[in-house]
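To keep things clear, I will list the structure first and then write my remarks on it.
In this note's numbering, the protein residues as written are 1 to 112.
Structure below.
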């Protein structure tokens, strides 16, 4: 069996730049052409998989992992805080998928 090749660092940096460009284009195009912005997210995800590049946290919050749609709070996403689970819940209104991101309070932030 062939060993998978490791991509050079310069290819990974170009892939990161392309992913950032695609996400910025998806944000700009969402108002007029939402299907185009969904396509940009799919392309960015395939680039990330091909070059083994992970998304930044703000990018991970911006797309649904189930249907790969670009999420815009108030348009096709609902963002809520769940106190019991100490998490931020993002609901995709296109497919109904719920993604939770945990948060923790800072130590000493609420001392009197």
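Just so it is clear, CB atoms sit at the ideal spot from N, CA and C, and this is done for glycine as well. Please read all numbers here as calculations on a predicted model, not as lab measurements.
Within the continuous beta strand (DSSP E) that includes residue 102, where are the two ends? 98–102
The beta strand (DSSP E) enclosing residue 89, as first and last residue numbers: 87–92
Distance CB(residue 44)-CB(residue 30) smaller than 9 Å: no
Alpha carbon to alpha carbon, how far is residue 58 from residue 11? Give it in angstroms, no decimals. 22 Å
For residue 93 and residue 76, believed in contact at Cβ under 8 Å, the rounded distance: 5 Å
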